[in-house]
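Protein chains: 2
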Amino acid sequence: MVQAAAKSPAVKSPAVKPASGKAAPSRASGRKITAAEAMAVPRLPQTGGKSGPGRKAGAGGSRATIDDATIYDSVYTAIVDHIIMPGTKLPEDVLAKAFGVSRTRIRKVLLALAHENLNLVTLQHNRGASVTKPSVQEARDVFAARRVVETGIAAELARRITPEQLAGLRRFVAHEHEAEKTRDRRGAIKLAGEFHMELAKLMQNEPLTVFLRALISRTSLIVAIYEAPGNAMCSHEEHGILIDRLAAHDAAGAVRYMEEHLLRLEGGLDLNAAKRRPVDLQDVFARLAGSAKGR
Amino acid sequence: MVQAAAKSPAVKSPAVKPASGKAAPSRASGRKITAAEAMAVPRLPQTGGKSGPGRKAGAGGSRATIDDATIYDSVYTAIVDHIIMPGTKLPEDVLAKAFGVSRTRIRKVLLALAHENLNLVTLQHNRGASVTKPSVQEARDVFAARRVVETGIAAELARRITPEQLAGLRRFVAHEHEAEKTRDRRGAIKLAGEFHMELAKLMQNEPLTVFLRALISRTSLIVAIYEAPGNAMCSHEEHGILIDRLAAHDAAGAVRYMEEHLLRLEGGLDLNAAKRRPVDLQDVFARLAGSAKGR
DNA sequence: AATCCGGTAATCGTATACGATCCGGCCAAA
DNA sequence: TTTGGCCGGATCGTATACGATTACCGGATT
């Protein structure tokens with residue numbers, strides 16, 4: 003069941019689905035999630051209601067409970083779409099009340115999110131779950147891993163890509179292009195990530211696809227923390243050039259361009275500069291105290 | 003906590019720890035796990051006991067419960083070491099009784115195993131957990147993914163590997179060599195996998211390391227199902243040659259050799275031949291009936 | 001004789017109860 | 001003023017209860 007939830011992001015590929023236009027205010031991290039935000043991307047509006055103090059709603063044959071995958075997707079989407087920022091606490095009973103289920107199922111979803119997708123959610127013993135806040139080093143590692151994986155994908159695709167697949171990619175970039183004006187930066191990042199996922203899917207290799215999805219999800223977290231103020235990243239023009247090299251079956255060129263493309267993406271962040279957020283001070287002390295997790 | 007369990011296999015690197023000499027009889031798949039097998043690699047022998055029908059052992063300040071990570075590692079090790087074969091059912095209460103805990107914690111561990119490590123455990127709704135049984139296609143995908151990732155690792159290592167790291171690798175291969183006589187095939191496979199993990203660790207990149215661990219774990223499952231009768235695979239001589247090319251900073255050569263090495267490993271399995279196990283017949287019928295899971 | 005159908009046992013999914021742990025503020029003492 | 005301990009509230013971890021689902025098996029029917 004949660005397995006189904008786990009697979010669902012890998013399976014569904016909603017070419018270009020209209021993003022919810024909810025412009026989330028850029029907020030400082032560390033706060034708790036509110037019920038409204040948890041419900042940000044709900045799929046089932048909670049049939050039964052029955053939110054009063056009297057529980058025991060299981061009576062009768064009515065199937066009133068929301069699907070696990072829906073809860074999973076809601077939280078997942080809220081995180082990768084920056085609706086809830088890294089560091090945000092995800093208390094079980096808040097989510098439980100938000101979705102109208104018991105803590106048990108919330109816990110299951112949080113466990114899943116913490117285990118796959120490269121820890122989109124971090125669990126701390128007796129302290130609950132929170133949206134993972136990747137360190138600078140972890141961010142660099144993610145990009146390094148993406149270079150390894152995606153250059154490998156580019157090399158292979160340059161060999162075996164078909165005209166139909168190329169046409170599909172070009173269509174996708176066209177979507178990116180036309181969406182550029184109407185969408186905000188957040189939507190652009192999302193689409194850019196989906197383009198990279200499209201490339202991975204052409205490999206027809208599930209492990210690689212799953213891993214790249216994890217890396218891209220995590221990239222979204224990294225962007226949320228470290229994005230530089232005014233910087234256009236992962237532009238669709240670059241995607242177009244990459245497609246050209248794939249179309250020319252120029253493996254070396256595609257690999258090189260993919261690497262540069264990813265380096266540019268990484269370079270667009272301010273991973274070097276001292277963190278400009280004052281709240282991070284406390285984070286430093288926390289890191290010094292608990293010497294684990296250091297690298 | 004389960005997060006700790008999740009990280010534990012990535013963190014601990016017990017160079018060459020003495021494998022338990024338990025020679026598991028090659029058995030048909032599809033059976034259930036027994037308590038004895040579940041306890042195959044226990045770390046804590048269950049302090050309190052109190053296994054009688056009367057529960058409510060929580061009284062008093064005595065801390066009698068086994069650690070989550072221990073349960074996780076026990077099951078993980080039992081699977082990748084082929085002590086329990088793919089297809090084996092993992093019922094919650096059997097494991098619960100074996101470890102002397104409630105189903106809740108077993109479920110947590112099974113959930114973790116199903117979500118990370120590329121689904122070492124498969125969950126089916128209302129039907130429980132079982133050791134994942136990779137299909138031929140999934141097996142090929144795993145090897146393809148390993149080629150992508152490990153050639154990338156080889157290329158990078160050829161550039162930046164240090165003499166100390168090379169010495170460490172050679173020492174490891176020496177362990178492999180000296181263990182070749184005293185160990186069975188199972189131990190050799192385990193050591194071979196660990197060598198590949200050593201390479202990954204030199205990259206100092208956690209995402210890559212975690213992913214490769216997942217791939218190698220899954221490779222272990224694949225070998226359990228599809229191993230050809232008399233075939234030496236992933237020999238340490240080949241590992242030595244690979245080290246030589248890394249030492250020479252011959253990136254292209256190291257990449258090429260790594261690819262051949264992995265292709266040889268894959269070629270050593272009988273992925274093409276029809277499965278030769280008679281018990282699999284029942285599985286075929288099950289697969290025909292429930293048409294899901296096909297790719 | 002084969003097939004369909006219903007009952008029973010096993011197993012899982014979910015909710016809830018309760019103890020344990022941790023964080024916060026408050027007060028007392030140096 | 002600062003430091004240390006104490007206490008309450010909030011939150012989590014675990015166990016258990018109970019309903020729901022599934023598989024298994026025997027009997028009746030065609």
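Heads up: the sequence lines are chains E and A, in that order. Numbering-wise (our numbering), the first sequence opens with residue 3 and increments by one. Numbering-wise (our numbering), the second sequence opens with residue 3 and increments by one. For every residue, glycine included, the Cβ atom is placed at its ideal position computed from N, Cα and C.
When the beta-carbon positions are compared, R148/A and T221/A come within less than 9 Å of each other. Counting along the chain, T184/E sits inside the alpha helix (DSSP H) bounded by residues P165 to T184. For T153/A, the neighbours in chain E by C-beta distance under 8 Å run, in chain order, G154. Straight across, the Cα-Cα distance linking G270/A with H238/E is about 43 Å. Unbroken beta strand (DSSP E) stretches of 3 residues or longer found wholly inside the region 77 to 140 of chain A: 123 to 126 and 130 to 133, given in chain order.
Contact check for L214/A and H198/A: beta-carbon distance about 7 Å, within the 8 Å limit, so the pair qualifies. Within a 10 Å sphere around the beta-carbon of T184/E sit fewer than 16 other beta-carbons, which makes this residue exposed.
Listed along the chain, the chain E residues whose CB falls inside 8 Å of the CB of K91/A amount to none; the nearest CB is some 15 Å away. For L120/A, the C-beta contacts it makes with chain E under 8 Å involve P209 and V212, in order along the chain.
In this structure, R266/A keeps its C-beta atom at 9 Å or more from the C-beta atom of A160/A. For L271/E, the secondary structure class from DSSP, reduced to helix, strand or coil, is strand. Out of R107/A, P88/A and M87/A, the CA that lies nearest to the CA of D95/A is found in R107/A. Distance check between T67/A and each of K99/A, V77/A and T79/A places K99/A closest, using alpha-carbon atoms only. For A230/A against L244/A, the beta-carbon gap comes to about 23 Å, at or over 8 Å, which does not count as contact. The beta carbons of P93/A and K135/A sit no closer together than 9 Å. With a threshold of 16 other beta carbon atoms within 10 Å, T164/A falls short and is exposed. In terms of beta-carbon proximity, D272/A stays away from the interface with chain E, with every pair separated by 9 Å or more. For V111/A and E158/A, the gap between their C-alpha atoms comes out near 35 Å. With its beta carbon at least 9 Å from every one in chain A, E262/E lies outside the interface.
Any Cβ of chain A closer than 9 Å to the Cβ of K110/E would place that residue at the interface, and such an atom is present. Using a Cβ-Cβ cut-off of 9 Å, Q206/A counts as an interface residue toward chain E, since at least one Cβ of chain E sits closer than that to its own. Annotation: V151/A to F145/A spans about 10 Å, alpha carbon to alpha carbon. With a cutoff of 9 Å on beta-carbon distance, A190/E and E200/E are scored as not near each other. Chain A places no beta carbon closer than 9 Å to that of R258/E, leaving this residue out of the contacts. For the set R142/E, K91/E, F101/E and A141/E, the Cα lying nearest the Cα of N128/E is the one of K91/E.
Taking C-beta atoms under 8 Å as the contact rule, V123/E and S219/E fail to qualify, at a distance of about 11 Å. Within chain E, the residues whose beta carbon sits less than 8 Å from that of L113/A are V4, K110, L113, A114 and H117, listed in sequence order.
In the DSSP assignment, P209/E falls within the alpha helix (DSSP H) that extends over E208 to Y228.
Nearest CB-CB separation between L159/A and chain E: not below the 9 Å threshold. Only those residues of the region 133 to 146 of chain A whose C-beta falls short of 8 Å from the nearest C-beta of chain E are listed: E140, D143, V144 and A146.
For R105/E, the closest of A131/E, A202/E and Q126/E by C-alpha to C-alpha distance is A131/E. Under the three-state reduction of DSSP, H251/E is assigned to coil, being neither helix nor strand. Contact with chain A is absent for R266/E, since none of that chain's Cβ atoms lies less than 9 Å from the residue's Cβ. It is roughly 45 Å from the alpha-carbon of A71/A to the alpha-carbon of E240/E.
Residue-level contact by beta carbon holds for R149/A and chain E, with a gap shorter than 9 Å.
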